[in-house]
Amino acid sequence: MDTEDGPVNDLVALGLARYEARVYLALVRRESYTAAEVAREADVPRQRVYDVLDALVRRRLATAHPGRVATFSAVAPELAVARLMALQREALERLDRVSSALTAALVPVWADGRSQTVPLDYVEILRDPKSIAEAFADIQNQARRELLSFSKPPFVAPALNTPGIKAVRRLRRAGGSVRAIYTHEALADPETLENVRRSTAAGEECRFADELPLKLVIADASLVLCDMPDPVAGTGSTTALYIEHPALAACLRLAFLTVWESARTAPGEEA
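Everything in the sequence shown is counted per our numbering, starting at -13 for the first residue and increasing by one.
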């Protein structure tokens, strides 16, 4: 039987499987059918029709009539639809109870999560040299008023720090300040020395010291990038910390200014 898509889809929407909908619509056309007859009428595979009829009987949408050859008939459409609607309402009531219980369980967890913060979420730990070099470029780009740095080898970024030169020019045009302290060891490298000359020409103020405690960059007294050499593994292994913490940055800025006051204004000069 060629059934219309509309009634089939409506019955599916009410909870029937598509074969069940097609068999029920076939049954309403006649008083009764054998399983083989309704399979042909509904265009349902014969090996499936027995399961489909059994499901309709269990749902009280069809009635089985025993005999030498069993036959089946549909219950009245208004009764069938009412029973399907009742099943849908029961399912919705169950879902409503489940959703209420789930909401009651999750709301306190969600509310508690709003008051929790990840410990030290203002600290990023970097170990890969590429990531450290990217963080160095990033903190230079983010500086808007002031950029302070301790510069000492080993360097993870190229010695000719082109992004840094651009940052110096940008800051000086905006009326900002750029100051750097280098070690004499750093100046022994020709490329680093050339970078110092280019940075100075761009507007960086620089001084020189025999030793620096660590490599350090401070931007706007709020961002800090510093290395933490591994005391066990030696100078070849280092971890960098990228920190957004104004209080810490302010303390490190004071430390920078202290070293700045005692540093030489040119290599070999006395303070």
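Positions of the beta carbon are idealized from the N, C-alpha and C atoms, including for glycine.
For a quick check, are the C-beta atoms of Q126 and P149 less than 8 Å apart? yes
Please give the ranges of any alpha helix (DSSP H) in the region 225 to 249, keeping only runs that are unbroken, at least 4 residues long and fully inside the region. 232 to 248
Sequence ranges, beta strand (DSSP E) only - wholly within the region 90 to 147, length at least 3: 109 to 112 and 132 to 137
To the nearest angstrom, how far is the alpha carbon of Y19 from that of A41? 16 Å
Continuous alpha helix (DSSP H) stretch holding R8: start and end: R4 to L13
Taking the alpha helix (DSSP H) that S327 belongs to, which residues open and close that run? Nothing about residue 327 can be reported from this structure: the residues present for the chain run from -13 to 257 only.
Would A12 pass as a contact of A28 if the rule is Cβ separation under 8 Å? yes
Whose C-alpha, out of L179, G189 and Y168, is nearest the C-alpha of L197? In the sequence on display, residue 197 carries Glu and not Leu. Of L179, G189 and Y168, the residue nearest in Cα terms is Y168.
Looking at C-alpha atoms only, which residue of H170, Q33, P215 and L2 is the closest neighbour of A66? L2
Give me the residue from E180, I151, E190 and R131 with the minimum Cα distance to G161. R131
Contact defined as beta carbons within less than 8 Å: I believe A22 pairs with R32. What is the distance between those atoms, to the nearest angstrom? 6 Å
Residues in the same chain with beta-carbon distance under 8 Å from T244, minus the five sequence neighbours each way, listed in chain order, please. none
Where do the ends of the alpha helix (DSSP H) carrying V164 lie? Here V164 belongs to no alpha helix (DSSP H); instead the beta strand (DSSP E) covers S163 to T169.
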